[in-house]
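This report refers to the structure that appears directly beneath it.
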Amino acid sequence: MLSIKNLHASVEGKEILKGINLEIKAGEVHAIMGPNGSGKSTLAQVLAGNDAFEVTSGSVTMHGEDLLEKATEERARDGVFLAFQYPVEIPGVSNLQFMRTSVNAMRHHRGESEMNAAEFMKMAREISKQVDLDPAFLKRGVNEGFSGGEKKRNEIMQALMLQPKLAILDETDSGLDIDALKVVSDGVNALRAEDRAILMVTHYQRLLDHIVPDFVHVLAEGKIVKSGGRELALELEERGYAWLGIKDDETAASSAN
Amino acid sequence: MKPAPSLLSSAFLQPAGQALPAPLLALRKQRGAALVDMPMPTRKTENWKYSSKYLKLTDEMAASLPTTGKTGSALAVPGYKVVFINGVVIPEASEYPDLDNILIQRFGDLSEAEANELAERLDSTLDAKAVQFAGLNTARFEDGLLIRLKPDAVLDQPLFIIHEVTADASGSAFPRIFVEAGRNSQITLVEEFISSGQEAVFVNSVTEFTLAEGTNVTNIRLSMDGEKVQHIGATGVTQQRSSRFESHCVGFGGPLRRHDLRVRLEGKGAECKLNGVVVTQGTQHYDNHTTIEHVAPNCDSEETYRNIAADKSHAVFNGRIHIHPDAQKSNANMSNKNLLLSTGAEIDTKPELEIYADDVKCAHGATIGQLDKESLFYLVSRGIGLREANVLLTMAFINELVAQIPVDAVKDTVQIRLNQFFDQTFQEV
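Taken in order, these protein sequences are the chains called A and B. The numbering of the first sequence is the numbering used here, which starts it at 28 and goes up by one. The numbering of the second sequence is the numbering used here, which starts it at 126 and goes up by one.
Written as structure tokens, this is what we have:
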């Protein structure tokens, strides 16, 4: 479904991704782990189309089509979804207006008729229950005044609503207490489907206790240095990144020799 | 040697129309005499600093526009309305409320005694030195509307004043309104400035309100004059004890747009709420100057203005709050936020606070920014088109103020104009 070949990307002239290769098939769940600054979030942003990052070489295709050539909104309409690490607050645009505009943009793209307000509300209420958000939040500004956990649940709610082909979750577990982590994980597990791929970017392995990946990749200094199955995450948990010869802020002291 | 300052052309001091009671004709003459050799504002005139270059009056624009004309779009307005064409009331096109305690009269229909009383009160809400062009209106008006609400009178629906200018030839118009709101009375006055025709014209409008104790007045001012209309307008308000004045000014740019809004809180416990939205595009201009005088103690003022400037347009906001020595326990809040939609646009904002009392709460804030890139990315990453995302974010900037406009018909008109602006500003990609 998704094929990333020798992807290089820079931000403000500084190269962050230095040749990523990754194949993801429909139905698979991949986890990308790595220390801070390894390029995990950059990869997520580049796939979603953030033009703050410049792709300098390499290719990304989805369903055989060149993904990098498409504008962000076209990628989204083709089924790319990014759950943001730091969801943006947009006062003055209500969650309801935002999500309905989004859902209808997708429907329009598929040649379907727009959802009316009543239909949309019914769907939104149901899904908000699924991620344990009070439906009253729909009337508030997008993410406005939300706690960190509420923002992450809102991201998952949008994923459930938009039913993407490729869901990229950028540090969706960070800042969540155990109850919220459970809610978010249940949401992500509900997304698992044969025709959908999930790419999780995470620093910690605890999310992987709840969302069991098919493949785990370790990213360091802009390259995938090791790939394996679920057991790789457990090994990282036990031995840290230093075991792979990777410097990490948190393990730097032990690998300083 | 300094070059001689440019003076107001004497052509602008020739009033037309004599169908006014003698006291008003006398007042007009007196004001005209005071304006002989009035220096025109320049870059060095502090309250015209950013706008003087847009003011381009030519002698061709000096003569009053004909007082008969078509009453086009104005007729579509439902309910109570008074239609002005080129500064003159057109009774046939108007629909007056039929209430004993609300008197609505043309200046020309006033008795000598009534006109005498009015002549003494005209300009009383505006400081002639600060608002030079209000004096020009008084020197030139050919007609006007006096609205008097007797104590406890309540107008059950908004009264629309449609100021239409027919710019089929060059000329000028001087619409004038005076509203006297008696004790505990209530009115919502909607003023819409529109124009037809394509010639360069000058509109110089003045509306005054005097609010007696306990009155509640709402004024909506919608400035939608045409592309070749230079408009200098002023609104003056005086407020007595426990009165409330609410203003919603929505303005779309033009070759020159200037509005001075002056509110004097003269009675204890009076409050005013002033909202403003300005949208400019192309090479348009719009300048709002507001002044709130806290004269009496325990008064509240709340002011919120938003400017949006696209292309190479230029918006100006100057907000002055003056708290007099006796105005203890004043509570004044002023916020002005500005959105630049292009690198060629310009916005100048200046809060001016003068505080002479020691026990007051006074807050002000001004910001200028662009649409947030991260917010745009967030919206488009959900499949929302770039154009739609731009519109959502721009609308978000003024949503709150548009939503507060208390008359739905006006809100709809504003939204239609905003949609046109969005269509022209954000191209489909």
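Cβ coordinates follow ideal geometry from the N, Cα and C atoms, glycine included. Quick caveat: nothing in here was measured; it's all calculated off a predicted structure.
At least one C-beta of chain B is nearer than 8 Å to the C-beta of Gln185 of chain A. Residue ranges of uninterrupted alpha helix (DSSP H) with 4 or more members, entirely inside the region 219 to 267 of chain A and ordered along the chain, are 234 to 237, 257 to 266. Interface flag for Val505 of chain B against chain A is set, since a Cβ pair is found closer than 8 Å. In the structure shown, Ile509 of chain B adopts coil according to DSSP, grouped into three states.
The beta carbon of Asp162 of chain B lies closer than 6 Å to those of Leu132 in the same chain, with the five residues before and after it left out. For Ser201 of chain A, the three-state secondary structure derived from DSSP is coil.
With distances taken between CA atoms, Gly214 of chain A lies nearest to A:Ala194 out of A:Ala194, A:Tyr231, A:Arg266. A contact is defined here as three or more CB-CB pairs under 8 Å, and the region 436 to 449 of chain B meets this definition with respect to the region 407 to 415 of chain B. Secondary structure of Pro531 of chain B (DSSP, three-state): coil. Here Leu247 of chain B is actually not in contact with Phe299 of chain B; their C-beta atoms are around 12 Å apart, not less than 8 Å.
Spanning the alpha carbons of Gln453 of chain B and Ile472 of chain B requires a straight line of approximately 34 Å.
At least one CB of chain B lies nearer than 8 Å to the CB of Gly119 of chain A.
Here the alpha carbons of Val505 of chain B and Leu263 of chain A stand approximately 36 Å from one another.
DSSP lists B:Leu228, B:Glu305 as the bridge partner or partners of Arg273 of chain B. Rounded to whole angstroms, the Cβ separation of Pro240 of chain A and Asn170 of chain A is 27 Å, and the two are not in contact under 8 Å. By the criterion of a C-beta distance shorter than 8 Å, Gln139 of chain B is surrounded in its chain by Ala187, Ala188, once the five residues flanking it on both sides are discounted. In this structure Trp173 of chain B is buried. Its beta-carbon is surrounded by 16 or more other beta-carbon atoms within 10 angstroms. DSSP places Asn456 of chain B in the strand class (E or B) of the three-state scheme. By the 16-neighbour rule on beta-carbons within 10 angstroms, Asp281 of chain B is exposed. In the displayed model, Lys486 of chain B falls within a strand according to three-state DSSP. Beyond the five residues adjoining it in sequence on each side, Ile433 of chain B comes within less than 6 Å, by CB distance, of Val404, Leu464 in the same chain, given in chain order. Take Glu141 of chain A, set aside five residues on each side of it, and the residues of its chain with a beta-carbon closer than 8 Å to its own are Asn131, Arg134, His135, in chain order.
The beta carbon of Ile523 of chain B is closer than 6 Å to those of Val402, Arg431 in its chain, skipping five residues each way along the sequence.
Residue range 41 to 51 is occupied by the beta strand (DSSP E) that includes Lys45 of chain A.
For His135 of chain A, there is no enclosing beta strand (DSSP E); the residue is found in the alpha helix (DSSP H) stretching over 122 to 136.
Between Val120 of chain A and Leu34 of chain A, the C-beta gap is not smaller than 8 Å, which leaves the two residues out of contact. Cβ-Cβ separation between Ile251 of chain A and Asn77 of chain A: approximately 20 Å, too far for a contact (criterion under 8 Å). Membership of Ile357 of chain B in any alpha helix (DSSP H) is not indicated; the residue belongs instead to the beta strand (DSSP E) covering 354 to 364. Residue contact check for Arg104 of chain A against chain B: a CB pair falls below 8 Å.
Contact check for Ala359 of chain B and Leu251 of chain B: beta-carbon distance about 6 Å, within the 8 Å limit, so the pair qualifies.
Contact between Lys179 of chain A and Leu123 of chain A does not hold, since the beta-carbon distance rounds to 19 Å and is not under 8 Å. A residue is called buried once 16 or more other Cβ atoms fall within 10 Å of its Cβ, and Asp385 of chain B is buried on that count. Minimum Cα-Cα distance from Gly61 of chain A among the listed residues A:Gln232, A:Ala151, A:Ala75, A:Asn216 corresponds to A:Gln232.
In this structure, DSSP gives Asp213 of chain A a helical state, which the three-state scheme calls helix. Look at the region 508 to 539 of chain B: the residues with a C-beta under 9 Å from a C-beta of chain A are Gly508, Ile509, Gly510, Leu511, Glu513, Ala514, Leu517, Leu518, Met520, Ala521, Phe522, Ile523, Asn524, Glu525. At a C-beta separation below 7 Å, Phe164 of chain A has no neighbours in chain B, since its nearest C-beta there lies roughly 17 Å away.
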